[in-house]
Amino acid sequence: MQKIKLSIYNYIFILFISITLLNNGCEEGTSISDINLFSTSDDVQLGAQVVEEMHKDTKNYPIYNNQEATQYVQSIVDEILQSQLVKYRNVFNYKVTLINTETINAFALPGGYIHVYKGLLKYLDNEASLSAVLAHEIAHAERRHATKRMTKAYGANFLLGLLLGGNPSQIEEIAANMLSGLGFLYNSREDEYEADEYGFKYLQSTRWYHGAGIFFFEKIKDQSKNSTFAELFSTHPLDQKRIDALNKLITDAKVPPATESNIFTQKYMEFKKKLN
Ligand SMILES: [Zn+2]
2 MQKIKLSIYN
12 YIFILFISIT
22 LLNNGCEEGT
32 SISDINLFST
42 SDDVQLGAQV
52 VEEMHKDTKN
62 YPIYNNQEAT
72 QYVQSIVDEI
82 LQSQLVKYRN
92 VFNYKVTLIN
102 TETINAFALP
112 GGYIHVYKGL
122 LKYLDNEASL
132 SAVLAHEIAH
142 AERRHATKRM
152 TKAYGANFLL
162 GLLLGGNPSQ
172 IEEIAANMLS
182 GLGFLYNSRE
192 DEYEADEYGF
202 KYLQSTRWYH
212 GAGIFFFEKI
222 KDQSKNSTFA
232 ELFSTHPLDQ
242 KRIDALNKLI
252 TDAKVPPATE
262 SNIFTQKYME
272 FKKKLN
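Under the numbering used here, the first residue of the sequence shown is numbered 2, with each subsequent residue one higher.
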């Protein structure tokens, strides 16, 4: 009986702390989904641990040891990071890893660790499309979508852990859970809209056609029944609303039109020839 009472008190206290957190977190323009109980260094630590485990799993994540290709993708990431809107360029570890499978997808782990499948590199038609995908992934890391989703899922457990005097840092356990279910990869539709918007803004300080995300959407939108794209659609849900929203951003920003001098098709075709 006493135990039940204790639990109820605990939950009341958790509710109290939660409300306090919500009030503190809700500055103007901040929504509940923006609250993050993790610090930016937790993001880096979590990401690094997942990378370590992931790279041991050579069956699902065989590293593509092509230095030239890795450096090429890294150079695009580095250029996007020069945008003044990228806040954590000196905090996160924006390191590119290529994965040697035909999967058409890319993902960013918390703390900036960007992974791109060889299948995606082969699938794209120009450098601008790749820059748009990478800017979108950088946005997922910068907006800290994974740890915000985990805050929602783990928030009460964290607080309970603190209350009961347990280990407040459950990072290792969470990293293990993240990897087993790869839950951190499954972005919500809201995360997608935000990553599209921020990715688009990051591209505006680069030499690539700022609207290149549309090329990618147009290319993949009819592939929802194609199993090669299953992971892409489950981790980055696509709907007409996303396409419309990005088109609106492009129209409103009056971006200069796409030409060979800002999409780099030729250069990209040369790059693709070197992939094996
Ligand atoms: Zn996404």
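Think of the CB as a built atom: it goes at the ideal place given N, C-alpha and C, for glycine as much as any other residue.
Item to check | Buried or exposed (CB count within 10 angstroms, at least 16 for buried), GLU271 | outcome: Counting from 1 along the sequence shown, the entry for residue 271 is found at position 270. The residue is exposed, with fewer than 16 neighbouring Cβ atoms inside 10 Å.
Next on the checklist: Would THR41 and VAL92 qualify as a contact pair, given that the criterion is a beta-carbon distance under 8 Å?
Outcome noted: Your numbering for residue 41 matches position 40 in the sequence shown. Your numbering for residue 92 matches position 91 in the sequence shown. Yes, these two residues count as a Cβ contact at 8 Å.
Next on the checklist: According to DSSP, is LEU239 part of a helix, a strand, or is it coil?
Outcome noted: The residue you call residue 239 lines up with position 238 of the sequence shown. Correct three-state label for LEU239: coil.
Item to check | C-alpha distance - TYR194 paired with HIS146, whole-angstrom precision | outcome: As a position in the sequence shown, residue 194 is number 193, starting the count at 1. As a position in the sequence shown, residue 146 is number 145, starting the count at 1. Taking the straight line from one Cα to the other gives about 12 Å.
Item to check | Residues of its chain near PRO111, where Cβ-Cβ distance is below 6 Å and the 5 sequence neighbours each way are ignored | outcome: Taking the first residue of the sequence shown as 1, we reach residue 111 at position 110. Cβ neighbours of PRO111 beyond the five flanking positions: ASP44, LEU47, GLY48, ALA147 and THR148.
Item to check | Sequence-distant residues of the same chain with beta carbon closer than 6 Å to ALA196, five excluded per side | outcome: Residue numbering aside, residue 196 sits at position 195 when the sequence shown is read from its first letter. Answer for ALA196: HIS137, ALA140 and HIS141, listed in chain order.
Checklist entry - Going by the beta-carbon positions, is the gap between GLY212 and ILE251 smaller than 8 Å? => result The residue given as residue 212 occupies position 211 in the sequence shown. The residue given as residue 251 occupies position 250 in the sequence shown. Yes.
Item to check | Unbroken alpha helix (DSSP H) run spanning ILE36, endpoints | outcome: Looking up residue 36 in the sequence shown gives position 35. Careful: ILE36 lies outside any alpha helix (DSSP H) and carries neither H nor E.
Item to check | Own chain, CB closer than 7 Å to GLU29, minus 5 neighbours either side, in chain order | outcome: Along the sequence shown, read from residue 1 onward, the residue named residue 29 stands at position 28. The pLDDT assigned to GLU29 is 43, lower than 50, so where the model puts this residue is not dependable; a value taken from the coordinates is nonetheless given after this. For GLU29, where only same-chain residues beyond five positions count, there are no Cβ hits under 7 Å.
Next on the checklist: Rounding to the nearest angstrom, what Cα-Cα distance links PRO258 and GLN205 in this structure?
Outcome noted: Against the sequence shown, residue 258 aligns to sequence position 257. Against the sequence shown, residue 205 aligns to sequence position 204. The straight-line gap from Cα to Cα measures roughly 13 Å.
Checklist entry - Can you tell which of ARG144, THR102, VAL52 and HIS237 has its C-alpha closest to the C-alpha of PHE217? => result On the sequence shown, residue 217 is found 216 positions in, with the first residue counted as 1. The shortest C-alpha separation from PHE217 is found at HIS237.
Checklist entry - Does the count of Cβ pairs from the stretch 119-127 and the stretch 93-111 closer than 8 Å reach three? => result In this structure the stretch 119-127 lies against the stretch 93-111, because at least three pairs of beta carbons, one per stretch, are closer than 8 Å.
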